[in-house]
Amino acid sequence: MQQANNRILWIDEYKGFVLLLVCLFHMEQSFKNVSIGMEALSAMRMSAFFFISGVLFSTRRFADFKSYALHKTKVLLLPYIWLSLLFLALDPVVWNFEWFPKAPKMTIMNTVPVIENVGQYMGWNLAKIFVAGKSSIGSGPLWFVFTLYSISLMFFGVHKIAELITQPLRRRFSAPQHCMECDNSLNELSHRSHGGPGGGTPCIIVLIAAVAASSLIAGWLLFKNHIRLPLGIERDCTCLAFFALGWLCKEPIKKLGNINSRVGNAALLIGTIVAFVLYAIIDEAMPWFSIMNNTLGKNIFRFVGSSVFGIAGLIGIFQLLSKIPNVTPIAIFKGILRNISRNALIILAVHWWILLVLRIVFKAELDKPGIAYLSVLVIVAGVIAAIPLFRNKLYKLIGKEKISVKESLSIK
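Position one of the sequence shown corresponds to residue 2 (our numbering), numbered consecutively onward.
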């Protein structure tokens, strides 16, 4: 399995690719003459991100809740707050309220606010950030960061409670298969070699599987009853299910990574193709799914089925790519995806802000056939400029260590 600087390369590439799909979807949303098929991938995008986050869940570095929560606050919650406020200050509507009719519409917990001036606009944006947990209009995709923060803490609690509940059983049964935690079973699959629970005892697995199912059902019921709760609790329920599923799938994913035979690789390729075929069959593109709004379609089985097969297909693709020799074009492509993954916070916020400016200030021009695709060049240029700015100068805003401009743009 490919590794560099204690990171699993295919996982970075997987995450970078999913983030790229998110950016392309936002572009498709922004201009009426852009159509690149991103709506058809709505069931797999964000669920795939929460799934892989669950695969990477670890308590090895932070064994108690306090230390884990402090770490997640530093790398997720505080960057969510600082970036949300920064891009609220950079929102074009704040500087020229006449552009307000062109801005994305706000709905906060089923409330469509009446906004008549800049003060009200900023006030409702603050409500989006701190009450709805969906970030400001200027940095909309950062809702993902807040949700990941919430469900990471939730899952830590679930995992610890499951350990406490099953502790008497582990004491009663001394056989290794009943009492040994698998803390070392996925060392090679922990993103920074810090380890993590590689599966746990059968009882813990059953309990967490039950929590995942219950959480998914709760998210579905909240969706069907049009219930929106503070801090996005309804989408937390849905996302926690995929996070827990990722944790439960650590061992199978580890085994996929250990496949080296031709027969095994051929079987992996066939399985990947089958997964995407089943995704295409099951997926319900209209209405498209939106985990941000906890909009889960007409049928929970279609939503779950398409999400699971989409995730399986993505894992298969990047497991297969990790086994292909890194000839120059493939190596460059993989390197770009890894850079996207490492700079996800910056890219999520900056690409959206650039799109926001384009759709507010230049929408009339960019809504013409073919012209909107020029926005890709503007976004790429803006993001490339922003990455070293944040990693070298504004690094504290994103909870990162300072690195050089060259290192921030590296695709190695």
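Glycine is no exception: its CB is placed at the ideal position from the N, C-alpha and C atoms.
Just to confirm my understanding: we take residue i, look at its own chain, exclude 5 residues before and 5 after, and list those with CB closer than 6 Å. What are they?
i	result
L232	G134
A345	L20
F32	L367, D368 and A373
E285	G298 and R303
R360	S31
P142	L349 and W353
Beta-carbon separation of residue i and residue j under 8 Å?
i	j	result
K161	F63	no
A373	F88	no
V146	Y69	no
C24	I348	yes
N295	G247	no
L10	R339	yes
S376	M28	yes
K75	F50	no
Could you check the C-alpha separation between residue i and residue j for me, to the nearest Å?
i	j	result
R343	P102	35 Å
I130	L367	29 Å
N118	K401	36 Å
G258	L86	41 Å
P370	N111	34 Å
G306	F277	11 Å
F391	I385	11 Å
H227	E235	10 Å
G363	S59	The sequence shown places Phe at residue 363, not Gly. Straight-line Cα distance between these residues: approximately 45 Å.
T122	L77	The displayed chain sequence assigns Tyr, not Thr, to residue 122. Going from the Cα of Y122 to the Cα of L77 covers about 25 Å.
I206	F18	29 Å
L357	F157	36 Å
G124	M107	12 Å
H72	I283	39 Å
E14	S153	22 Å
W1	I412	What the structure shows of the chain is the stretch from 2 to 413, and residue 1 is not part of that stretch, so it cannot be assessed.
P177	I166	Summary for P177: the model assigns pLDDT 48, below 50, so the residue's position carries little reliability; its value from the coordinates is reported in the next sentence. So the alpha carbons of these two residues sit roughly 18 Å apart.
I325	I12	15 Å
W100	G314	42 Å
S429	N261	Residue 429 lies beyond the residue range present for the chain, which begins at 2 and ends at 413; the question has no answer from this structure.
N393	L222	45 Å
P105	P114	13 Å
W337	C250	The residue you asked about is not Trp; residue 337 is Ile in the sequence shown. Cα-Cα distance, rounded: 27 Å.
Whose C-beta lies closer than 8 Å to the C-beta of residue i among residues of the same chain, with five residues either side of it excluded?
i	result
L321	N266, L269, L270 and T273
Considering only residues of the same chain and omitting the five flanking positions on each side of residue i, which have a CB-CB separation below 7 Å?
i	result
I292	M47, S48, R236, T239 and C240
V1	The structure shown has nothing for residue 1, since the chain only spans 2 to 413.
L127	none
G139	F88, L89, L91, D92, W354 and L357
L79	G400
W83	L398
Confirm the yes/no value for this check: CB of residue i, any heavy atom of the ligand FAD, distance under 7 Å.
i	result
K106	Only the bare structure without any ligand can be found here, which leaves the ligand FAD out of the picture.
Starting from the N-terminal side, write out each stretch of the alpha helix (DSSP H) that is 4 residues or longer and does not extend beyond the segment 273 to 331. 301 to 322
In chain order, each alpha helix (DSSP H) run of at least 4 residues that lies wholly inside the segment 350 to 412: Counting only runs of 4+ residues, the alpha helix (DSSP H) found wholly inside the segment 350 to 412 occupies 364 to 367, 376 to 393 and 406 to 409, in chain order.
Just list the alpha helix (DSSP H) runs in the segment 34 to 88, keeping only unbroken ones of 4 residues or longer that don't cross its boundaries, in chain order. Qualifying alpha helix (DSSP H) stretches, in chain order: 46 to 56 and 66 to 73.
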